[in-house]
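At position 220 of the sequence shown the residue is numbered 219 (numbering that gives the first Met the number 0), and the sequence of numbers has no breaks. For every residue, glycine included, the Cβ atom is placed at its ideal position computed from N, Cα and C.
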Amino acid sequence: MTLSRTFPLIGGVLLIVLLAGCAGNAQTPANEDPAAAKAGTDDGHGHATGSKEAKAPADADEGVVPLTPEQIKASGIEVVAIGRGGGGSTRLSGRVEPSVGARASVASTVTGRVERVLVAPGTAVKQNQALAIVVSGEAAVFRANALAASAEAEAARLAYGRDKALVDQGVVARQEMEASRARSLAAQAQAAAAQAQAAANGAPDASGRVRITSPVAGIVGNVQVTPGGVVAAGSAVADVADPSMNELVFTAPPALAAQVTPGMKLEVSVPGGSFAATVTGSAADVRQQGGVAVIRATPVDASLPPAGSPVSAVVVTEGQDGSLSVPADAVQNVDGSSAVFVAVEGGFKAQPVLAGRRAGDRIEILGGLTGNERIVGVNAFLLKAELAKGEAEHGH
Numbered sequence: 000m001t002l003s004r005t006f007p008l009i010g011g012v013l014l015i016v017l018l019a020g021c022a023g024n025a026q027t028p029a030n031e032d033p034a035a036a037k038a039g040t041d042d043g044h045g046h047a048t049g050s051k052e053a054k055a056p057a058d059a060d061e062g063v064v065p066l067t068p069e070q071i072k073a074s075g076i077e078v079v080a081i082g083r084g085g086g087g088s089t090r091l092s093g094r095v096e097p098s099v100g101a102r103a104s105v106a107s108t109v110t111g112r113v114e115r116v117l118v119a120p121g122t123a124v125k126q127n128q129a130l131a132i133v134v135s136g137e138a139a140v141f142r143a144n145a146l147a148a149s150a151e152a153e154a155a156r157l158a159y160g161r162d163k164a165l166v167d168q169g170v171v172a173r174q175e176m177e178a179s180r181a182r183s184l185a186a187q188a189q190a191a192a193a194q195a196q197a198a199a200n201g202a203p204d205a206s207g208r209v210r211i212t213s214p215v216a217g218i219v220g221n222v223q224v225t226p227g228g229v230v231a232a233g234s235a236v237a238d239v240a241d242p243s244m245n246e247l248v249f250t251a252p253p254a255l256a257a258q259v260t261p262g263m264k265l266e267v268s269v270p271g272g273s274f275a276a277t278v279t280g281s282a283a284d285v286r287q288q289g290g291v292a293v294i295r296a297t298p299v300d301a302s303l304p305p306a307g308s309p310v311s312a313v314v315v316t317e318g319q320d321g322s323l324s325v326p327a328d329a330v331q332n333v334d335g336s337s338a339v340f341v342a343v344e345g346g347f348k349a350q351p352v353l354a355g356r357r358a359g360d361r362i363e364i365l366g367g368l369t370g371n372e373r374i375v376g377v378n379a380f381l382l383k384a385e386l387a388k389g390e391a392e393h394g395h
């Protein structure tokens with residue numbers, strides 16, 4: 000009686016043990032290493048500590064933005080070398096002036112009476128357009144001399160023609176014909192000189208009227224004569240300048256003339272804002288007392304204020320030390336600190352740097368670079384945005 004009750008109890012216990020063993024085998028694959036299975040156990044916080052990390056892909060290098068050459072070209076990213084010699088910045092003062100070929104101080108070529116004034120301040124004129132008419136006895140003499148010289152040259156030419164014909168007939172000696180030819184050539188030279196003198200003095204008409212014309216096209220700025228007045232030869236009649244050909248003219252210490260070269264950039268400040276300009280020339284002006292350097296520049300992509308407007312600028316000159324400088328656009332704020340993107344294999348890496356002073360469109364680098372790297376100088380902000388996007392996706 001007792002034995003018959005014991006066997007069913009033992010059988011039930013064995014059945015439970017077998018079921019538990021089968022359940023354990025079902026949770027662990029047959030080909031899995033027991034150690035690996037143990038490593039994949041729960042960490043006590045409801046997360047697997049081993050199996051999930053083993054299956055996750057390896058993360059890319061921290062701070063690297065992978066880009067193909069095609070992507071670099073399409074995004075407009077430019078890789079530049081690091082500049083050496085931080086140099087220094089110099090503030091310049093100057094003003095807007097018409098360029099040399101776009102301004103003229105028109106003067107009278109003869110002494111005479113102003114008969115008419117044809118323009119006023121603000122009048123737009125074309126090249127060779129008359130500004131005033133002057134009646135001059137001196138100019139009438141110039142024209143008369145030109146006409147007389149032309150007549151003498153014609154008479155000498157005809158005489159030479161007759162002598163040449165007589166020589167062919169054997170009536171006149173060849174020596175006389177050669178002398179006649181020399182007189183003809185001399186008369187032609189005198190006629191040409193007289194005509195040139197008349198043209199240089201305004202090409203007066205028979206009454207001695209001379210048209211004072213502008214050698215350049217532009218706007219009349221100042222008229223210094225009035226009808227009925229007498230003007231002397233060489234006296235100013237009017238000023239003309241082309242406002243579309245203005246330029247920036249700065250004065251600086253003489254030593255700067257050797258350091259500032261054509262093509263260098265300036266950061267120009269005007270009352271309405273600032274803009275970039277390119278140096279077109281620099282030279283020391285020894286005529287000024289103490290000597291100064293004159294620096295001329297034109298705006299890169301901006302309109303200039305009217306001529307005479309005061310302006311200031313900052314120019315960065317190369318230094319002799321071993322400091323480094325990079326384009327201002329190359330330095331980006333990454334994770335709260337300054338960084339530049341250095342070209343590496345397969346993309347660009349954010350390299351933290353210690354930025355120094357800024358002068359113009361360059362920033363001095365005090366640390367973080369050796370100077371041999373190649374960095375992104377244009378559109379570096381695109382890499383910053385891509386890096387931030389990648390970090391945000393990694394955070395999820």
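- For the options Ala379, Glu385, Ile364, the alpha carbon positioned closest to that of Gly82 is the one of Ile364.
- Our two residues, Ala143 and Glu114, have alpha carbons roughly 21 Å apart in a direct line.
- When only Cα atoms are considered, Leu386 and Pro65 end up about 10 Å apart.
- With a threshold of 16 other beta carbon atoms within 10 Å, Gly233 falls short and is exposed.
- DSSP places Ile71 in the uninterrupted alpha helix (DSSP H) bounded by 68 to 74.
- Contact annotation: Ala379 and Asp328 have beta-carbon atoms nearer than 8 Å.
- Of Pro203, Glu246, Ala123, the smallest CA-CA separation from Val293 is found for Glu246.
- Taking a 10 Å sphere around the C-beta of Ala257, we find fewer than 16 other C-beta atoms and assign the residue as exposed.
- Comparing C-alpha distances from Ser183 to each of Ala155, Val209, Gln196 shows the shortest one belongs to Ala155.
- Put simply, the segment 128 to 136 touches the segment 101 to 115. At least three CB pairs are less than 8 Å apart.
- Going by DSSP, Ala197 is part of the alpha helix (DSSP H) stretching over 173 to 199.
- Ser92 and Ser311 do touch by the CB rule: their CB atoms are close to 5 Å apart, below 8 Å.
- Lys348 is bridged by DSSP to Val63, Val341.
- If you ignore the 5 residues before and after Asp238, its C-beta comes within less than 6 Å of the C-beta of Ser104, Gly220, Asn221, all in its own chain and listed in chain order.
- Straight-line measurement puts the Cα of Ala301 at about 34 Å from the Cα of Gly335.
- The alpha-carbon separation between Val215 and Pro242 amounts to approximately 12 Å.
- Ala101 has its alpha-carbon roughly 53 Å from the corresponding atom of Arg161.
- Of the candidates Gln194, Ala338, Pro120, Glu177, the residue whose Cα lies closest to the Cα of Ala138 is Gln194.
- By alpha-carbon distance to Lys348, the top candidate from Gly75, Ile374, Thr250 is Ile374.
- Within 10 angstroms of the beta-carbon of Thr67 lie fewer than 16 other beta-carbons, which makes it exposed.
- Put simply, of Val166, Glu151, Ala178, Pro305 the residue whose alpha carbon is nearest the alpha carbon of Ala192 is Glu151.
- Per the coordinates, the alpha-carbon of Pro226 lies some 11 Å from the alpha-carbon of Val236.
- The criterion of a C-beta distance shorter than 8 Å is not satisfied by Ser98 and Met263.
- Counting along the chain, Val140 sits inside the alpha helix (DSSP H) bounded by residues 136 to 168.
- The criterion of a C-beta distance shorter than 8 Å is satisfied by Val248 and Arg94.
- According to the DSSP assignment, Asp284 belongs to the beta strand (DSSP E) that extends over 272 to 284.
- In this structure, the CA atom of Ala205 is about 30 Å from the CA atom of Ala123.
- Straight across, the Cα-Cα distance linking Ala202 with Ala185 is about 23 Å.
- Using a Cβ distance threshold of 8 Å, Glu77 and Gly376 count as a contacting pair.
- For the pair Ala240 and Ile211, the CB atoms are not nearer than the 8 Å cut-off.
- Beta-carbon to beta-carbon, Phe274 and Pro298 are separated by about 6 Å, close enough to satisfy the 8 Å threshold.
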